[in-house]
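Here is the structure we will look at, set down as structure tokens.
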Amino acid sequence: MDAAPSLNRMLGRSQREALALATLARECAAAGVEQRVMHLRLSALPSSHNRLHHQRLLREALLPLLRPTRARLFDLPSGDLVAVSPPPGEHLDMVRAIMEKLLGGEREAAPIAQELRLPQQAAAVLALVESALGLGAEHWPTTPIPAETGGNGAQPQAADILAAEAALTQADLSVHHRWQTVCLLVDGGPGPQPLWREQRVVEADLEAVLLPRQSLDATPWLRRRLRTRLDKRALAQWARPEELRRFSPSGLPLLPASLGEEEFLRLDAALPTATRPQLTLGFSLPDILADPDAFAMARRFAGLRGYGTALDDLDAGLLPMLPGDNFGLGKLKLRFSPALLALDGPGRAALEAALPAERDRVVLAGADEPIAIGWGWERGITRFQGRVIEQLLTPP
Amino acid sequence: MQPVQQHPPQPQATIWATRPVAPSGQALPAGGQTAPAPRRSASLKEAVRRCQSDAAAGLVVAAAEWPQMAASLLEDVANTTGALVWRPRQGGFWLLGTTAGAARETLGLFESMGWTARLLLFPGDIAVLDAALEEDGALPAIPAADPPGLIGIEDRARAMPAASGHALATIWRLEAGLPKLLAQRWMVEPGALPTPPGRDWAGHAQGLLASRLLQRAARQAWPAARKQRLPLLLDMPWMPPPSSLPAPPPGGGPGMGPGMGSEACGHALVLPLPAAAEAEAWAALAAAHGWQLAWAGLTPALAHLATPQRLPGRLFFAEYSPLVASTVWPAPECLVLQGGEGRAALDFAAKHDISLCSRMG
């Protein structure tokens, strides 16, 4: 895998090796390169054997044998070893012989050492990587994969996402968190009055670290996997006792399905009933459309437990898709864009007609320039979020 | 797939019951099928004893769409009332040994979530519990099934034979009591590429198969069973609007399909609903290449979107359910129901001039 140093830092050594093996298998399949693969399933040794001891012995015996050749030895997280060599690769047969000798008899060793061929059995090699990563792989029939060279390297695959998800469970995300305050700011009134704070992950930066030189734009379903993981991390953080002790009115953008995750339910159980209305859960329109059933569940549950809710980060161009009741959500967070300034008369009228009549339910987000505040005021909007607000809140 | 979560050991038996903890202190996998049913422990025996002898109450939830959430709600009640949540091998959740008031309150909670649950008042309802205990005892522990793998799913999609993973369905409607064929839909067969549970993996797999259709369309390799005189609807993956699109197949043409009279649908791209966030760009791109738009994935909760006034499209696909039939659709003539071959679905469609999407020719 062409992982950047930053991703490498997040993964353990054997995880990296497993992914390197997956990449090798994919490349061989794509380019039609032949390789012999010897899979030493030490994880399948009977428990009477000391696996660690055998692993160490085997590695010590194999490395000198493989070093002078073009073969590579991969240490998988499961404890398995995989040797890959271009054919004929006689030394792989020696590897098997050493293994048999160490384990004292062919009968026992036979199922432990399994030989595979690339590119024909790429699917089986990928399945063993998956299983070694603890991802519960099914052993797929070894379908030959047609050689393809025209693949788009910039588009991540499920395997990349699984690796990124694994990295996300441990990674320190604090550098990617941003806080913004939603404020009441009235024309001619006092300065901004903080209403609640929102935590958000700068997804683009994080994606660049996790999946360098790749873009999730063309695979939005895969992007949602990473966002699920980010939601879980954020929720776990919020449920910590020290965070709960200093809880203040807050907003959190979430995927609707995240409300069914254990992390949310733990936070839910830890938040006092009186505190829940001070937490505003934000759902975006594309997320609602992508999983309407999860959204129906999330909205009901949020209502039942008394959380605040918001339609998050709505592009003004999507206002015509809003039902009159704002999907049953309390607030509407409209994203400001300079295109709004260019609207003609009918466009402005249509937009204003689509906004909830109670303007205190509307927040204009992305107020990064003072002109956004002016535009909002003209429409009776008095709640804002963005760089202008942050600057006003920070004394010079 | 769900990763195995680490939990601190929980002191309450109630937590043990829904989230079995191995002797090592490590939590066993969560989730409906994967978690082995806990053995009948001292705490379950005690809860059953209370149900048999005291005026205890309980609640049985046969199946929940969101099992973790259902379990969490039940655990809440169990924790505050000294009750227990039992997860039998046959599935579902039982709240046992709580008070009648708490059980009724929980029932209300479940009903407001749209879930069904049954109130149990002991000892009167003890036979129900006994039967479940017996059923649980008779079932062998089901070993956790390995979910299908994900690594290499893209390769597997590419390696699928050309004719698998998709189908050519027929869009039709009853006119004067006779079925009239309106269009054909070259569609992804749901579940053709198995994935572990989860909306996003299923979406990704569907996207991979739809991409194959798009590639075949780019080669103008249309399905053999295509009827020249009918418009073709082509399933699309959820992706940003590309720089170019294949030309539509020959034949068909506007005015042939279902929809709004002279505004009837011609060849169209069937977009997944979340692509609506870029609806305008899609509409412009499709028009420039001779396609119209249709939308898949409408639900009763999003019925307001199923009209050309809201979304640039002529047809809106929804999966049939009884709830669909009790929903007011803004433009029923633009609605196409999938998966509704039953009498109720046919009657509903005929009454409102709604079309159907059937997998048979």
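Residue numbers (this note's numbering), protein chains in the order written: chain A, 1 to 396; chain B, 1001 to 1361.
We put the beta carbon where it would ideally sit given N, CA and C, even for glycine.
Keep in mind it's a predicted model, so treat the numbers as computed, not measured.
Residue from the options with nearest C-alpha to residue i
i	options	result
Leu-1271/B	Thr-1098/B, His-1289/B, Phe-1316/B	Phe-1316/B
Trp-196/A	Leu-340/A, Pro-277/A, Arg-266/A	Pro-277/A
Pro-1240/B	Leu-216/A, Val-125/A, Pro-253/A	Leu-216/A
Ala-204/A	Val-175/A, Ala-159/A, Arg-387/A	Val-175/A
Arg-1104/B	Ala-1083/B, Gly-1058/B, Pro-1248/B, Leu-1096/B	Gly-1058/B
Arg-225/A	Asp-1200/B, Leu-1120/B, Leu-1209/B	Asp-1200/B
Ala-29/A	Ala-124/A, Leu-76/A, Pro-64/A	Ala-124/A
Ala-1318/B	Ala-1344/B, Ser-1355/B, Gln-1309/B, Trp-1291/B	Ser-1355/B
Arg-1359/B	Thr-1081/B, Ala-1138/B, Ala-1169/B, Ala-1078/B	Ala-1169/B
Pro-323/A	Ala-349/A, Ala-298/A, Ala-353/A, Leu-304/A	Ala-353/A
Trp-1186/B	Leu-1178/B, Ala-1163/B, Gly-1203/B, Ala-1202/B	Ala-1163/B
Gly-32/A	Leu-66/A, Asp-187/A, Gln-121/A	Gln-121/A
Leu-1230/B	Glu-1046/B, Gln-1184/B, Trp-1295/B, Glu-1278/B	Gln-1184/B
Asp-476/A	Phe-327/A, Lys-333/A, Leu-211/A, Arg-348/A	This structure gives no information on residue 476/A, because the portion of chain A shown stretches from 1 to 396.
Trp-1329/B	Arg-1310/B, Gly-1342/B, Thr-1080/B, Pro-1140/B	Arg-1310/B
His-59/A	Glu-27/A, Leu-351/A, Arg-26/A, Arg-96/A	The sequence given here has Arg at residue 59/A, not His. Of the listed residues, the one whose Cα sits closest to Arg-59/A is Arg-96/A.
Leu-1382/B	Ala-1159/B, Ala-1276/B, Gly-1165/B, Gly-1290/B	Because chain B in this structure spans residues 1001 to 1361, residue 1382/B falls outside the shown range and cannot be described.
Asp-399/A	Tyr-1320/B, Ala-1294/B, Glu-1341/B, Ala-1279/B	Outside the displayed span of chain A (1 to 396) sits residue 399/A, for which this structure offers no information.
Pro-1312/B	Leu-1273/B, Trp-1094/B, Gly-1339/B	Leu-1273/B
Under 7 Å between C-beta atoms of residue i and residue j
i	j	result
Pro-190/A	Cys-183/A	no
Leu-329/A	Leu-311/A	yes
Gln-1335/B	Ala-1301/B	Per the sequence shown, residue 1335/B should be read as Leu rather than Gln. For Leu-1335/B and Ala-1301/B, no; Cβs fall outside 7 Å.
Val-1061/B	Ala-1070/B	yes
Leu-76/A	Ala-18/A	yes
Val-202/A	Arg-178/A	yes
His-39/A	Val-82/A	yes
Met-94/A	Ala-113/A	no
Ala-1055/B	Gly-1097/B	no
Gln-391/A	Gln-180/A	no
Arg-36/A	Leu-126/A	no
Glu-34/A	Pro-87/A	yes
Ala-154/A	Leu-1150/B	no
Asp-1235/B	Leu-1208/B	no
Leu-116/A	Gly-79/A	no
Met-1113/B	Arg-300/A	yes
Short CB-CB distance (under 7 Å) between residue i and chain D
i	result
Arg-1310/B	Looking for chain D here will not work: the only protein chains present are A and B.
Original post:
Using 8 Å as the Cβ pair cut-off and three pairs as the minimum, do the stretch 259-268 of chain A and the stretch 1063-1082 of chain B touch?
Top reply: yes
**OP:** Check distances from the C-beta atoms of the stretch 267-298 of chain A to those of chain B and list, in chain order, the residues that come in under 9 Å.
**Re:** Asp-268, Ala-269, Ser-284, Leu-285, Pro-286, Asp-287, Ile-288, Leu-289, Ala-290, Asp-291, Pro-292, Asp-293, Ala-294, Phe-295, Ala-296, Met-297
Subject >> At least three beta-carbon pairs within less than 8 Å, the stretch 1273-1290 of chain B to the stretch 1324-1342 of chain B >> reply: no
Original post:
Counting Cβ pairs closer than 8 Å, one from the stretch 1117-1126 of chain B and one from the stretch 1080-1089 of chain B, do we hit at least three?
Top reply: no
Subject >> Under 7 Å (Cβ pairs) to chain A, residues found in the stretch 1151-1173 of chain B >> reply: Ile-1151, Gly-1152, Ile-1153, Glu-1154, Asp-1155, Arg-1156, Arg-1158, Ala-1159
Subject >> Contact the stretch 238-257 of chain A vs the stretch 1218-1231 of chain B: 3+ CB pairs below 8 Å >> reply: no
Subject >> Contact the stretch 125-134 of chain A vs the stretch 1160-1176 of chain B: 3+ CB pairs below 8 Å >> reply: no
**OP:** Inspect the CB distances between the stretch 59-70 of chain A and the stretch 1184-1195 of chain B and report whether three or more fall short of 8 Å.
**Re:** no
Original post:
Which residues, in order along the stretch 192-226 of chain A, keep a beta-carbon less than 8 Å from a beta-carbon of chain B?
Top reply: Asp-217, Ala-218, Thr-219, Pro-220, Trp-221, Leu-222, Arg-224, Arg-225
Original post:
With contact counted as at least three CB pairs below 8 Å, one residue from each stretch, are the stretch 1348-1356 of chain B and the stretch 1288-1303 of chain B in contact?
Top reply: no
**OP:** Assess, as a yes-or-no matter, whether the stretch 358-378 of chain A is touched by the stretch 322-337 of chain A under the definition of 3 or more beta carbon pairs within less than 8 Å.
**Re:** yes
Subject >> Inside the stretch 1241-1308 of chain B only - beta strand (DSSP E) runs reaching at least 3 residues >> reply: 1268-1272, 1292-1298
**OP:** Select from the stretch 1284-1304 of chain B all residues with a C-beta closer than 7 Å to any C-beta belonging to chain A, and list them in chain order.
**Re:** Thr-1299, Ala-1301, Leu-1302, His-1304
Original post:
For the stretch 1090-1116 of chain B, which residues have a CB atom closer than 9 Å to at least one CB atom of chain A, in sequence order?
Top reply: Leu-1109, Ser-1112, Met-1113, Gly-1114
**OP:** Starting from the N-terminal side, write out each stretch of the beta strand (DSSP E) that is 3 residues or longer and does not extend beyond the stretch 294-373 of chain A.
**Re:** 308-315, 331-335, 362-365
Original post:
Looking at chain A, which residues of the stretch 1267-1283 of chain B have a Cβ within less than 7 Å of any of its Cβ atoms?
Top reply: Leu-1273, Pro-1274, Ala-1276, Ala-1277, Glu-1280
Original post:
Which residues, in chain order, does the stretch 1199-1212 of chain B contribute to contact with chain A at a C-beta distance below 7 Å?
Top reply: Arg-1199, Asp-1200, Gly-1203, His-1204, Gly-1207
Original post:
Of all the beta strand (DSSP E) runs that stay within the bounds of the stretch 1079-1121 of chain B, which reach a length of 3 or more residues?
Top reply: 1084-1086, 1093-1098, 1118-1121
Original post:
Residue ranges of each beta strand (DSSP E) run of no fewer than 3 residues wholly in the stretch 1164-1222 of chain B, ordered along the chain?
Top reply: 1166-1175, 1178-1188
Subject >> Interfacial residues, the stretch 248-261 of chain A to chain B, with Cβ spacing under 8 Å >> reply: Ala-257, Leu-259, Gly-260, Glu-261
**OP:** Anything in the stretch 1318-1338 of chain B with a Cβ closer than 7 Å to a Cβ of chain A? List those residues in chain order, please.
**Re:** none
Subject >> Chain-ordered residues of the stretch 1061-1086 of chain B with a beta carbon less than 9 Å from chain A >> reply: Glu-1065, Trp-1066, Pro-1067, Gln-1068, Met-1069, Ala-1071, Ser-1072, Leu-1073, Glu-1075, Asp-1076, Asn-1079
**OP:** Could you pull out every unbroken beta strand (DSSP E) segment of at least 3 residues lying fully inside the stretch 216-268 of chain A, listed in chain order?
**Re:** 250-253
Subject >> Residues within the stretch 319-345 of chain A neighbouring chain B, beta-carbon criterion of under 7 Å >> reply: Pro-320, Met-321, Pro-323
Original post:
Which ranges does the beta strand (DSSP E) cover as unbroken runs of at least 3 residues, wholly within the stretch 160-220 of chain A, from first to last along the chain?
Top reply: 177-184, 193-201
Subject >> the stretch 112-132 of chain A: positions lying closer than 9 Å to chain B by Cβ >> reply: Ala-122, Ala-123, Val-125, Leu-126, Ala-127, Val-129, Glu-130, Ser-131
Subject >> Stretch pair the stretch 263-277 of chain A + the stretch 287-296 of chain A: three plus CB contacts closer than 8 Å >> reply: no
Original post:
Which residues, in order along the stretch 1219-1243 of chain B, keep a beta-carbon less than 8 Å from a beta-carbon of chain A?
Top reply: Trp-1238, Met-1239, Pro-1240
Original post:
Mind listing which residues of the stretch 69-80 of chain A have their C-beta closer than 8 Å to chain B's C-betas, in chain order?
Top reply: none
Original post:
In the stretch 1322-1354 of chain B, which residue ranges form an unbroken alpha helix (DSSP H) of at least 4 residues, counting only runs that do not cross its ends?
Top reply: 1322-1325, 1343-1351
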